[in-house]
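Each remark here refers to the structure printed beneath this line.
In the UniProt record's numbering, the protein residues as written are 1 to 551.
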């Protein structure tokens, strides 16, 4: 899905010096000098007679002269190859000042001030929240035969429980932080809640301690601590005292030790004491695209093993998960996926089924530090139809909403942002267009000579070339004709444009459809045979090519 949160484009003048000189990034010093001399013969003002052409040539000559100065200097070339034109705006360690109008300075100041205030507020409060709505839909798949007098044609779907949690942090000093949190829940008409206050102090660079007091339906007092134990190991310890419904205190405590075996593998050993006591051992393997977990729990009231695997497909911003738990309570199998829908939002869904829990579907949306989840109970037993429809319906629903609601909205928003950017940079666009037209005017004689030579020897002759957003590979509303420009780049019946070249920086080119994916359609002849091909911008262009023959 397109990223609608940060859909931003920039028309800043980031020039490609290599494209200006018709070189690749591995060009030698001799190749750079030869290209500069060749273009100087074309663009030097002294090579032209009329004052109009002298003025046009002077502007273009200054461009190629600047490109030659940078690329022929090893120090500047190294900076340009890494950081581009912006990296050249330094002198020693001092940043050159780019002069702007008072209004531009004021707008930039207001923007930075607002961003700084928002960032500072977010860092100091770190708000976190969650909303969980549990739905009981077992009547859909676990229908019973009731008396027709009381039965309903529609299955009963009801909200069985709801939970809301919220927390904010209040830094007091560099070492002390207070956290305020609240929790409300309702289950089958019975509600309860509590309010908590916790204070954490950083004791040293190796550890911290925290004390939390909660009051409400279940008052409690708890404490936690963390400390680095050795070079690759750390541990936590915690305990809590809670008053039960009968007024009797309940004590729980836990101890955890973890060790990092290598860069990707680490393990944990946890001991829990109290009402739910047990020992848990887990081994985790974590890489950029793979995550695996093997765990074993021994204790009361259940003993079980867990196997979990997560695959992170970074190309599609997709995370796939599968997990299996089995033990004295029965078994539980789970599978699901999480998709990054915008820069700050993740949407996920998972199906879990087993004995004795039945079948459940969980939908989860995470937006920043806010989490919205909806667990849906589909069946009280393992019913194949519940598993099938619980998998199919969310997938179909996601693609339907994406296609008919989200994609049109994102497209409209991107088009609106693009239009605003174009209006803001109209002057720069006009400048680029004029430079391209001036370049073609100065190249016209050379292009005609090149075309005449190629026609006489049956070489490479460009008949038509379109650059921009193409429709049906033959036309487009945002295209420009660049056939004469390409003909001027032909050398010895060959044309080569290296991979990842910004075509709009080639002589005679400019960007007619900023912010959109552009293509280059070329129709040419070589050896008396017609050729035709469409190149995507950034693709390596080599002409002639026998694969382009159309007759």
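Note that CB positions come from ideal geometry on N, CA and C, so glycine has one too.
Sort out for me which residues DSSP pairs residue i with in a bridge.
| i | result |
| --- | --- |
| residue 179 | 169, 198 |
| residue 230 | 233 |
| residue 271 | 255, 279 |
| residue 61 | Paired residues: none, contrary to the question. |
| residue 604 | For residue 604 there is no data in the structure shown, the boundaries of the chain being 1 and 551. |
| residue 337 | 320, 349 |
| residue 525 | 461, 530 |
| residue 299 | 278 |
| residue 305 | 296, 326 |
| residue 311 | 290, 320 |
| residue 37 | According to DSSP, residue 37 bridges with nothing at all. |
| residue 372 | 131, 365 |
| residue 216 | 194 |
| residue 250 | 242 |
For my contact list, residue i and residue j are in at a C-beta cut-off of 8 angstroms; report their separation, rounded to the angstrom.
| i | j | result |
| --- | --- | --- |
| residue 323 | residue 337 | Their Cβ separation, rounded to whole angstroms, is 13 angstroms, which puts residue 323 and residue 337 out of contact at 8 angstroms. |
| residue 253 | residue 225 | About 12 angstroms separates the two Cβ atoms, so there is no contact after all. |
| residue 464 | residue 523 | 4 angstroms |
| residue 468 | residue 485 | Incorrect: roughly 13 angstroms between the Cβ atoms, too far for contact. |
| residue 155 | residue 140 | 5 angstroms |
| residue 187 | residue 160 | 7 angstroms |
| residue 19 | residue 505 | 4 angstroms |
| residue 300 | residue 277 | 6 angstroms |
| residue 289 | residue 311 | 7 angstroms |
Looking only at C-alpha atoms, which of the options sits nearest to residue i?
| i | options | result |
| --- | --- | --- |
| residue 431 | 45, 26, 60, 32 | 60 |
| residue 343 | 374, 410, 383, 514 | 410 |
| residue 157 | 436, 550, 437, 136 | 136 |
| residue 395 | 426, 363, 43, 375 | 363 |
| residue 222 | 81, 65, 210 | 210 |
| residue 164 | 374, 415, 454 | 374 |
| residue 181 | 259, 68, 216 | 216 |
| residue 21 | 292, 80, 64 | 64 |
| residue 353 | 347, 330, 340, 70 | 330 |
| residue 422 | 515, 80, 199 | 515 |
| residue 262 | 276, 233, 37, 419 | 233 |
| residue 168 | 189, 191, 199 | 199 |
| residue 542 | 503, 227, 498, 517 | 498 |
| residue 429 | 358, 112, 387, 513 | 513 |
| residue 460 | 36, 306, 544, 534 | 544 |
| residue 302 | 315, 312, 325, 291 | 325 |
| residue 255 | 420, 114, 248, 238 | 238 |
| residue 470 | 520, 71, 171, 425 | 520 |
| residue 77 | 50, 24, 125 | 24 |
| residue 249 | 264, 231, 218, 229 | 218 |
| residue 458 | 272, 527, 449 | 527 |
| residue 320 | 304, 351, 397 | 351 |
| residue 29 | 71, 287, 207, 206 | 71 |
| residue 208 | 196, 315, 227 | 227 |
| residue 327 | 120, 295, 313, 419 | 295 |
Just to confirm my understanding: we take residue i, look at its own chain, exclude 5 residues before and 5 after, and list those with CB closer than 6 angstroms. What are they?
| i | result |
| --- | --- |
| residue 175 | 201, 202 |
| residue 280 | 270, 297 |
| residue 48 | 54, 57 |
| residue 220 | 214, 240, 242 |
| residue 555 | Nothing about residue 555 can be reported from this structure: the residues present for the chain run from 1 to 551 only. |
| residue 462 | 483, 486, 487, 524 |
| residue 130 | 165, 371 |
Please classify residue i: is it buried, with 16 or more other beta-carbons within 10 angstroms of its beta-carbon, or exposed?
| i | result |
| --- | --- |
| residue 540 | exposed |
| residue 487 | buried |
| residue 536 | exposed |
| residue 531 | buried |
| residue 376 | buried |
| residue 401 | exposed |
| residue 390 | buried |
| residue 41 | exposed |
| residue 145 | Note that residue 145 has pLDDT 48, beneath the 50 cutoff, so the model's placement of it is unreliable and no number is given. |
| residue 110 | exposed |
| residue 107 | exposed |
| residue 550 | exposed |
| residue 368 | exposed |
Going by beta carbon distance, what residues of the same chain come within less than 8 angstroms of residue i, once the five residues before and after it are set aside?
| i | result |
| --- | --- |
| residue 500 | 538 |
| residue 142 | 379, 380, 381, 383 |
| residue 561 | The structure shown does not extend to residue 561, since the chain spans only 1 to 551, so no value can be given for it. |
| residue 16 | 501, 502, 505 |
Against chain D, with Cβ distances strictly below 8 angstroms, would residue i count as a contact?
| i | result |
| --- | --- |
| residue 38 | In the displayed structure, chain D is absent; only one protein chain is listed. |
Is the closest heavy atom of the ligand ZN to the C-beta of residue i under 7 angstroms?
| i | result |
| --- | --- |
| residue 35 | Absent from the structure shown: the ligand ZN. Ligands present: none. |
Please list, in chain order, all residues of the same chain as residue i whose beta carbon is under 7 angstroms from its beta carbon, the five residues on each side excluded.
| i | result |
| --- | --- |
| residue 266 | 258, 259, 260, 284 |
| residue 340 | 317, 346 |
| residue 36 | 21, 64, 68 |
| residue 172 | 178 |
| residue 454 | 460, 461, 490, 493 |
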